[in-house]
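Take a look at the structure below.
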Amino acid sequence: MSSFKRKATGKQVLNVYPGTRISPASNLSLITSTGISSLDDILGGGLPLSCSLVFAAPDIHSSYGDLIQKYFIAQGLASGHRVCLVTPNPREFLKDLMWSPKGSQSSTAVGDASAVDSDGEEEKDGDDQDSESKKVKIAWRYEKMKQFKTTVGTSAGANSDREVYCQNFDLSCTIPEEVISDALRTDRLHLLEVSVSGTSGCKTGSALTPTAIVGEIIKFVSSGASAPVRICIPSLGCSAWGDLSAKVIFRFLHSLKAILRDYNYSCASTTLPPSLSAKLWGGPGWLEKVGWASDCLLTLSAFTANPGMSSIFPSHHGLLQTHTLPAPFTFSPPSDRFSTLRGLTSSGENNLAFKCTRRRLIFETLHLDVEGGTGERRTTASKLMDDGVPVGTQKDTETKPKIASVEVQMEGVFEEKKSPVVKKKKRAVAFQSDRPELYEF
Amino acid sequence: MTPLLPPFDLPEDIVLLIVDELAAPADFILHKALAEHLKSPARRGDSPETKLSPNKVVILSASESFQRWKALASKSNLQLQNYINNGSVSFIPVGSDICDDDSGRKLRDVFSVISEKITTANTYSRLLIFDDISSLEWMGIPNIQLQQFLRAVRAMCLKHRVTLLIRHHLLSPDESEPDELFRFLLQICTHHLAVHPLASGRSGAVTGEISLHKGFSAPDHDNVRLIHRSSAIQYNLVDSGPDFFAKGTSGGVL
């Protein structure tokens, strides 16, 4: 018997829908975009159909979890997918959905800019830096090296279907009203309003329990396989869902996963509200339980409640933690092999973070600055450095008895205090060619 | 008799508890056991001496779909659908509706289905794979019912000489005490295979490590070579399955 065996059959049996691709890891599964190219990269090219994606967003002061869900819906509408939105106020949620800037949808020229370059604010900075970098003389051995990048661009290749796969959404543009009304009219967008009382214009007219919601989702998903189905559940288990226990939420996620497996042209994205995203909300190991009940669990830990972290990482808005990643037809997640940002092919896993600029949300690798992570001094300067007087010479002043004093000022009369402006001496470093062993400071 | 699950070389007719964590799922152990059981020539029932039907595997799946089992079996050159058709493999899905009834009637129904599949199969070697006991607990099935169910399944397996594999997920093992179900499983198992992620985080060359311990129900005269956590076997998951190697000898190290 020959020791050679054919690795792949080469037969393409899958029906590739618009806005989907065959997974690079397995020709049995299709992947679709989440609307954020850098998040697609972390997932290994995109979210596989038949998989569920869950975000835990423990920060109470921000709504990055909602923002990601909006990208997910916008991408679905742009790709012509069927979308089911399950939330307390679906109309309100859809109001400020992001959209592509006018003209970019038809033209293919927009996408070839990198993620950072296409951002308005950074474009200017980028130009300055470009012109500056041209002046810098780089050592010949490093000249041919690729420029260091912290994220991946929207252009994964020169494919013509690139624009369809992942749209270039702009947060400063909102979705035209006619797109939503058209999607609602053609039943490509289905709204399931979750409410405890069922009085606020609920479509079904009564309160929806998690079991009833599962039934509604099955009804929508099974009504047609003409296009991929996206199920979007922002803030699962928030107050509008009623008082749900950990077991009920686990069962809901487990059922959702089973539905997606049965109807393999559908996928789901869910966000847990801050209260449910706490590690110990449903007992020890709560988030791990959620991870087992879904295919992919990511935590978005924003810095808004932690000024210390924002000062350490001023250019980021939060950290991204990957608990588990989708692997529908493989032993290990395709992301391990194909993700540039995670970087597992070369070494250990990279730390990941996200930032939200005026125009887009970007996931990127987290690095300390070149100087060691800080742009300014964080320890207090010594006394000697403060006023130029050695510490030992202040002894006699300290021995004097201290008397409490109160400063009294007349109302309306303010003395302008002129703080002495001390100009820091700029530190100059120079290399002297005639004395190569010495640097002049 | 061919040993079960090389390189661990376990004997047959045991109750093996497999524990894993979210960062290092032990799916590959279950799939490896399935593939080896169906493919092993020593267990081939169609040999003229034995005159028995092919080997029998019953899969009780609480967390994965048949499509995934089929796709992963195809990586070991197994067409699972053919085995289903000829009755060598029985797939029993357990959905979240199992906990709709508080009396445990549905669990009893599941037990009777398993019992029927196992006892009616006149085969040389039989294997029962239960891929996820933890999910049933987290869905809300009372612990006492689960323990009764497990005790009944174990008794049936011992009676009919069936190898039983049970997978249990550990939750933050460093932070919390072992839960009640895990303690019960340790009592009923004969061997205990633990799959852990690397303590230093994910790596491109090493996925995790496996240690093998004795369970409380292990027989006294047991020749299984146990693997302590400090000298655990490491593995790297590739597309076709796991690559095992001794600690510190992975491709990325040497």
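Residue numbers (the numbering used here), protein chains in the order written: chain G, 262 to 702; chain F, 35 to 288.
Every residue gets a Cβ at the ideal spot worked out from N, C-alpha and C, and that includes glycine.
Open item on the list: For the pair the region 536-547 of chain G and the region 579-593 of chain G, tell me if three or more CB-CB distances fall below 8 Å.
Closed with: Contact between the region 536-547 of chain G and the region 579-593 of chain G is absent: fewer than 3 CB-CB pairs across the two stretches fall below 8 Å.
Task: Enclosing alpha helix (DSSP H) for residue 519 of chain G [first to last residue] - done: Taking the first sequence and counting its residues from 1, the one referred to as residue 519 of chain G is at position 258. Residue 519 of chain G -> alpha helix (DSSP H) spans 507-523.
Open item on the list: If the criterion is Cβ atoms closer than 8 Å, does the pair residue 301 of chain G and residue 361 of chain G meet it?
Closed with: Position 40 of the first sequence, counted from the first residue, corresponds to residue 301 of chain G. Position 100 of the first sequence, counted from the first residue, corresponds to residue 361 of chain G. No, these two residues do not count as a Cβ contact at 8 Å.
Open item on the list: Rounding to the nearest angstrom, what Cα-Cα distance links residue 149 of chain F and residue 163 of chain F in this structure?
Closed with: Sequence index remark: in the second sequence, residue 149 of chain F carries index 115 (1-based). Sequence index remark: in the second sequence, residue 163 of chain F carries index 129 (1-based). Going from the Cα of residue 149 of chain F to the Cα of residue 163 of chain F covers about 13 Å.
TODO: Would you verify that the beta carbon of residue 105 of chain F is, or is not, closer than 8 Å to some beta carbon of chain G?
DONE: Position 71 of the second sequence, counting from 1, holds the residue named residue 105 of chain F. So, interface residue.
Task: Same chain only: Cβ atoms within 6 Å of residue 513 of chain G, ignoring 5 sequence neighbours per side - done: The count along the first sequence starts at 1 and reaches residue 513 of chain G at position 252. 471, listed in sequence order.
- [ ] Return the residues of the region 116-142 of chain F that lie within a Cβ-Cβ distance of less than 8 Å from chain G, sorted by chain order.
- [x] Only 129, 130, 133 from the region 116-142 of chain F bring a Cβ to less than 8 Å from some Cβ of chain G.
Open item on the list: Which of the three DSSP states is assigned to residue 300 of chain G in this structure?
Closed with: In the first sequence, residue 300 of chain G corresponds to position 39, counting from 1. Correct three-state label for residue 300 of chain G: helix.
- [ ] Check whether the Cβ atoms of residue 455 of chain G and residue 469 of chain G lie closer than 8 Å to each other.
- [x] Here residue 455 of chain G is taken as the residue at index 194 of the first sequence, counted from 1. Here residue 469 of chain G is taken as the residue at index 208 of the first sequence, counted from 1. Cβ distance < 8 Å, so residue 455 of chain G and residue 469 of chain G count as in contact.
Open item on the list: Please report whether the beta-carbon of residue 531 of chain G lies at a distance below 8 Å from any beta-carbon of chain F.
Closed with: One-based indexing of the first sequence puts residue 531 of chain G at position 270. With a threshold of 8 Å between beta carbons, residue 531 of chain G makes no contact with chain F.
- [ ] Pick helix, strand or coil for residue 488 of chain G, following the three-state DSSP scheme.
- [x] One-based indexing of the first sequence puts residue 488 of chain G at position 227. Coil, per DSSP.
TODO: Output the distance between the C-alpha atoms of residue 117 of chain F and residue 92 of chain F, rounded to the nearest integer angstrom.
DONE: Here residue 117 of chain F refers to the residue found at position 83 when the second sequence is read from its first residue. Here residue 92 of chain F refers to the residue found at position 58 when the second sequence is read from its first residue. Looking at the two C-alpha atoms, the distance is approximately 11 Å.
Task: Coil, strand or helix - residue 542 of chain G by DSSP - done: Translated into positions along the first sequence, residue 542 of chain G becomes position 281. In the structure shown, the three-state DSSP call for residue 542 of chain G is coil.
Open item on the list: Beta carbons nearer than 9 Å to chain F: which residues of the region 568-587 of chain G have them?
Closed with: Against chain F - using a Cβ distance shorter than 9 Å - the residues of the region 568-587 of chain G are 583, 584, 585.
- [ ] Would you grab the beta carbon distance between residue 492 of chain G and residue 479 of chain G for me? Rounded to a whole angstrom, and I think it's under 8 Å.
- [x] If you number the first sequence from 1, residue 492 of chain G lands on position 231. If you number the first sequence from 1, residue 479 of chain G lands on position 218. About 10 Å separates the CB atoms of residue 492 of chain G and residue 479 of chain G; that is not less than 8 Å, and the two are not in contact.
- [ ] Determine the closest residue to residue 47 of chain F out of F:55, F:227, F:190, with distance taken between C-alpha atoms.
- [x] To locate residue 47 of chain F, count along the second sequence from 1; it is residue 13. Residue 47 of chain F has its Cα closest to that of F:190, out of F:55, F:227, F:190.
Task: 7 Å Cβ cut-off: residues of chain G touching residue 99 of chain F - done: Residue mapping note: residue 99 of chain F aligns to position 65 of the second sequence, counting from 1. By Cβ distance, chain G contributes 522.
Task: Assumed close pair residue 444 of chain G, residue 450 of chain G - CB separation to whole angstroms, cut-off 8 Å - done: As a first step, residue 444 of chain G is located in the first sequence; it is residue number 183 there, counting from the start. As a first step, residue 450 of chain G is located in the first sequence; it is residue number 189 there, counting from the start. With a Cβ gap of about 4 Å, residue 444 of chain G and residue 450 of chain G count as contacting.
Open item on the list: For residue 475 of chain G and residue 516 of chain G, which I take to be in contact (beta-carbon distance under 8 Å), what is that distance rounded to the nearest angstrom?
Closed with: For this step, residue 475 of chain G is matched to residue 214 along the first sequence. For this step, residue 516 of chain G is matched to residue 255 along the first sequence. With 8 Å as the limit, residue 475 of chain G and residue 516 of chain G qualify as a contact, their Cβ atoms being about 5 Å apart.
TODO: Report the residue from F:187, F:147, F:173, F:167 whose alpha carbon sits nearest the alpha carbon of residue 204 of chain F.
DONE: In the second sequence, residue 204 of chain F corresponds to position 170, counting from 1. Among F:187, F:147, F:173, F:167, the Cα nearest to that of residue 204 of chain F belongs to F:167.
Open item on the list: Can you tell me which residues form a DSSP beta bridge with residue 601 of chain G?
Closed with: Along the first sequence, one-based indexing puts residue 601 of chain G at 340. In the DSSP assignment, residue 601 of chain G forms no beta bridge with any residue.
Task: residue 173 of chain F - partner residues in DSSP beta bridges - done: As a first step, residue 173 of chain F must be located in the second sequence, where it is residue number 139. Residue pairing of residue 173 of chain F in beta bridges, as defined by DSSP: absent, with no partner found.
TODO: Look at residue 311 of chain G and residue 528 of chain G and say whether their C-beta atoms are less than 8 Å apart.
DONE: Residue mapping note: residue 311 of chain G aligns to position 50 of the first sequence, counting from 1. Residue mapping note: residue 528 of chain G aligns to position 267 of the first sequence, counting from 1. With contacts defined as CB atoms closer than 8 Å, residue 311 of chain G and residue 528 of chain G qualify as a contacting pair.
- [ ] Write down the C-beta distance between residue 227 of chain F and residue 63 of chain F rounded to the nearest angstrom, noting that I regard them as a contact closer than 8 Å.
- [x] Counting from 1 along the second sequence, the entry for residue 227 of chain F is found at position 193. Counting from 1 along the second sequence, the entry for residue 63 of chain F is found at position 29. About 7 Å; that satisfies the 8 Å criterion.
TODO: Report yes if the C-beta of residue 362 of chain G is less than 7 Å from at least one heavy atom of the ligand HEM; otherwise report no.
DONE: Among the ligands in the structure shown, none appear at all, so the ligand HEM cannot be discussed.
- [ ] Could you name the residues that DSSP lists as bridge partners for residue 493 of chain G?
- [x] Counting from 1 along the first sequence, the entry for residue 493 of chain G is found at position 232. Beta-bridge pairing links residue 493 of chain G to G:346, G:530.
- [ ] State yes or no: is the beta carbon of residue 249 of chain F nearer than 8 Å to at least one beta carbon in chain G?
- [x] Locating residue 249 of chain F in the second sequence gives position 215, counting from the first residue. Under the 8 Å criterion on CB atoms, residue 249 of chain F is classed as non-interfacial with respect to chain G.
Open item on the list: Against chain G, does residue 235 of chain F count as a neighbour if the rule is that its beta carbon must be under 8 Å from one of theirs?
Closed with: Translated into the one-based positions of the second sequence, residue 235 of chain F becomes position 201. Cβ-Cβ to chain G under 8 Å: yes for residue 235 of chain F.
Open item on the list: Check for me: the alpha helix (DSSP H) holding residue 72 of chain F runs from which residue to which?
Closed with: Here residue 72 of chain F corresponds to residue number 38 of the second sequence, with the count starting at 1. Counting along the chain, the alpha helix (DSSP H) containing residue 72 of chain F begins and ends at 61-73.
- [ ] Give every residue of the same chain whose Cβ lies closer than 6 Å to the Cβ of residue 314 of chain G, excluding the five residues on either side of it in the sequence, and list them in chain order.
- [x] As a first step, residue 314 of chain G is located in the first sequence; it is residue number 53 there, counting from the start. So the qualifying residues of the chain are 308, 530, 557.
TODO: Mind the definition here: the region 236-246 of chain F touches the region 206-214 of chain F only if three or more C-beta pairs lie below 8 Å; say whether that holds.
DONE: The region 236-246 of chain F is not in contact with the region 206-214 of chain F.
Open item on the list: Do residue 49 of chain F and residue 244 of chain F have their beta-carbon atoms positioned less than 8 Å apart in this structure?
Closed with: By one-based count along the second sequence, residue 244 of chain F stands at place 210. By one-based count along the second sequence, residue 49 of chain F stands at place 15. No, they are not a contact pair.
Open item on the list: Cβ closer than 8 Å: which chain G residues qualify as neighbours of residue 241 of chain F?
Closed with: Counted from its first residue, the second sequence places residue 241 of chain F at position 207. Result: 593.
Open item on the list: Can you give me the C-alpha to C-alpha distance between residue 658 of chain G and residue 668 of chain G, rounded to a whole angstrom?
Closed with: Residue numbering aside, residue 658 of chain G sits at position 397 when the first sequence is read from its first letter. Residue numbering aside, residue 668 of chain G sits at position 407 when the first sequence is read from its first letter. Note that residue 658 of chain G has pLDDT 46, beneath the 50 cutoff, so the model's placement of it is unreliable and no number is given.
Open item on the list: Would you call the region 278-295 of chain G in contact with the region 332-347 of chain G, where contact means no fewer than 3 C-beta pairs closer than 8 Å?
Closed with: Between the region 278-295 of chain G and the region 332-347 of chain G there are three or more C-beta pairs closer than 8 Å, enough to call the two in contact.
Open item on the list: Give me the residue from F:122, F:141, F:154 with the minimum Cα distance to residue 130 of chain F.
Closed with: Along the second sequence, read from residue 1 onward, the residue named residue 130 of chain F stands at position 96. When each option's Cα is compared against that of residue 130 of chain F, the closest is F:141.
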